[in-house]
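Worksheet: the structure to be examined is printed underneath.
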Amino acid sequence: MCSSLYFIFSLLLFSRVDCLKDPNIIIIGAGASGIAAATRLYQNGFKNITILEAENRIGGRIYAFQFGEAYIDLGSQRCRGQENNVVYEYNEEIRARWKNDVNKLAVAEDCLDVFRKWVETQEGSFSWFNIAATNSYEVCGGKLALGWNGLGYKTILDVMMQKFLDSKSPIPIDDKIILNKVVEKVLWASPDRTEIKCANGASYSCDHVIWTPSLGVLKHSYKTLFQPQLPIEKITAIKAIGMGAILKIFLHFPKRWWNDDFERIIYVWNSSDLQRSGGAFLEGPQKEGKSWITAMSSILPVPKSPNLLSAWFGGEFVPDIEKSSDETIMNGIMYTLQTFLSVDYPNISLPNKIIRKNWYTDPHFRGTYSYETVESRKLDKPQGEIISEPLLSEEGKPVLLFAGEVTNPIHYSTVHGAIESGFREVDRLINFYKHSK
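Below you can see the structure in the form of structure tokens.
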């Protein structure tokens, strides 16, 4: 009898020791924050990692699509600043390949509609009335819009995994990523292990979960995703922070009809033309007599892709534009080009291909990035900070941790903010196990 009890006690003891040495950690989402967390875990000796990704690719809102010899970014596109920016610091070895892509536009102060569209596009909001006039965001010093010179923002994923250039020691996390795994439930209050259930019937158990999907997913599914439900202060934060979308549409032309002086076109509609736009262009969504084409803030060339233009849309029309057909979108963009540019460019031709990613209507994202709202600023502290707070077991173990750009109170809405958040949560686990010895 005593020997049996000793055997059972020994099993429990060694099980606890093994957990301390090699805890099972599941990362939900293989975007920037998820990959950052995985690489940092691996580099610090945590090898028992699984990454569950809902899409059929990694990257999340980083989505570099190869077109010809270059990549176009359907999602995140710019490195926002140089100083205190982990993306810029990470890419020290490849900076020579970057191109200074700074936006030098000075928006005319009197053009209120242009300014509104610019604000809504920058913030990813459907209405600038929802955007807080002040916020906790800290701008990184240096140039604020560094491009990737045709390599695509996916470069940062390769650099984090040490797969770029001539690296001889890539971080081997590829085989730890399971694609097409849509998480439906996280049972985080179990006395032993956290359970994760997926839409295809698969289930996983682990010691810790690092949650990285977008705020849009949380807004849509927080009531059903977690059991038990999240604390009320977290739910309040999820509701208070804004999550909208911008839309980039790439148009490929069989023949380039613009010259090298064509840099960026900002569309300026006077008030009467705005109100008449619905009657002038009848295809597609309208609101109060205004056509969706007035939501196009700009159109510009794509680096390293000589026959491509990208059109940017922001504001309240974005969800409806995403639901529109490629033909309607092409006709609307061509109408604006003909209306604004036909004098300078009489030979405007039709595109033969349209490329886009509908971030808002995609259930795995439901938006592009977060922003501070009037409501979130009324609350006591940055609401992203509240979302970032881990949920603990009764013993004080962080069982459910939160990363992603929305959880970064000073660098939300950015890739570098997402990466920082992934590092932050891994450091939290490292500190936990240091003090558990």
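Final position of the sequence shown in full-length UniProt numbering is 437; the numbers increase by one with none missing. Think of the CB as a built atom: it goes at the ideal place given N, C-alpha and C, for glycine as much as any other residue. Bear in mind the structure is a predicted one, so any value in this text is a computation, not a measurement.
Leu-74 counts as buried, since at least 16 other C-beta atoms from the protein chains shown sit within 10 angstroms of its C-beta. Here DSSP, grouped into helix, strand and coil, assigns Val-399 to strand.
By the criterion of at least three beta-carbon pairs nearer than 8 Å, the stretch 370-378 is not in contact with the stretch 266-278. With a 10 Å radius around the Cβ and a threshold of 16 neighbouring Cβ atoms, Ile-293 comes out buried. Rounded to the nearest angstrom, the Cβ distance from Ile-265 to Phe-340 is 7 Å, consistent with a contact under 8 Å. Between Ile-35 and Met-160, the C-beta spacing is below 8 Å. Only residues of its own chain outside the window of five on either side were considered, and among them Lys-185 and Val-186 have a CB closer than 7 Å to the CB of Leu-225, listed in chain order. Ranked by how close their Cα comes to the Cα of Arg-193, the residues Pro-228, Asn-24 and Gly-384 have Asn-24 in first place. Judged by their CB atoms, Glu-420 and Asn-408 are nearer to each other than the 8 Å cut-off. Contact between Ser-324 and Pro-285 holds, since their C-beta atoms are separated by about 7 Å, short of 8 Å.
In terms of Cβ geometry, Ser-370 and Leu-230 do not form a close pair [threshold 8 Å]. Comparing C-alpha distances from Gly-314 to each of Ala-280, Met-334 and Asn-358 shows the shortest one belongs to Asn-358. In this structure Ile-321 touches Leu-247 by the C-beta definition: roughly 6 Å separates them, less than 8 Å. Put simply, of Leu-52, Ile-177, Asn-347 and Arg-424 the residue whose alpha carbon is nearest the alpha carbon of His-411 is Arg-424. When DSSP states are grouped into helix, strand and coil, His-364 belongs to the coil group. Using a Cβ distance threshold of 8 Å, Leu-308 and His-252 count as a contacting pair. The closest CA to that of Cys-206, considering only Gly-396, Thr-236, Ser-413 and Ile-27, is found on Ile-27.
Secondary structure of His-416 (DSSP, three-state): helix. Taking a 10 Å sphere around the C-beta of Lys-304, we find 16 or more other C-beta atoms and assign the residue as buried. Nearest to Ala-202 by alpha-carbon distance, out of Asn-180, Lys-219 and Ala-189, is Asn-180.
A distance of 8 Å or more separates the beta carbons of Val-343 and Ala-37. In the three-state DSSP reduction, Asp-73 falls in the strand class (E or B). Under the three-state reduction of DSSP output, Asn-56 falls in the coil class, being neither helix nor strand. Straight-line measurement puts the Cα of Ala-30 at about 29 Å from the Cα of His-435.
Linking Thr-39 to Pro-382 through their CA atoms gives a straight-line distance of about 28 Å. For secondary structure counted as the beta strand (DSSP E) over 3 or more consecutive residues, the stretch 279-343 holds these complete runs in sequence order: 296-302 and 305-313.
DSSP, read as helix, strand or coil, puts Gly-216 in helix. Glu-233 has its alpha-carbon roughly 7 Å from the corresponding atom of Ile-386. As the crow flies, the alpha-carbon of Asp-260 is around 16 Å from that of Pro-346. Note on Ser-291: 16 or more other CB atoms within 10 angstroms of its CB, so buried under the neighbour-count rule. Nearest to Thr-361 by alpha-carbon distance, out of Tyr-204, Val-217 and Asn-56, is Val-217. Pairing His-208 with Leu-52 gives a Cβ-Cβ distance that is not under 8 Å. In the three-state DSSP reduction, Ser-349 falls in the coil class, being neither helix nor strand.
The C-beta distance from Ile-173 to Val-415 rounds to 18 Å, too long to meet the 8 Å contact threshold. Our two residues, Glu-55 and Gly-417, have alpha carbons roughly 22 Å apart in a direct line. The DSSP assignment places 183-187, 194-198, 203-206 and 208-211 as complete runs of the beta strand (DSSP E) inside the stretch 181-249, in order along the chain (cut-off: 3 residues).
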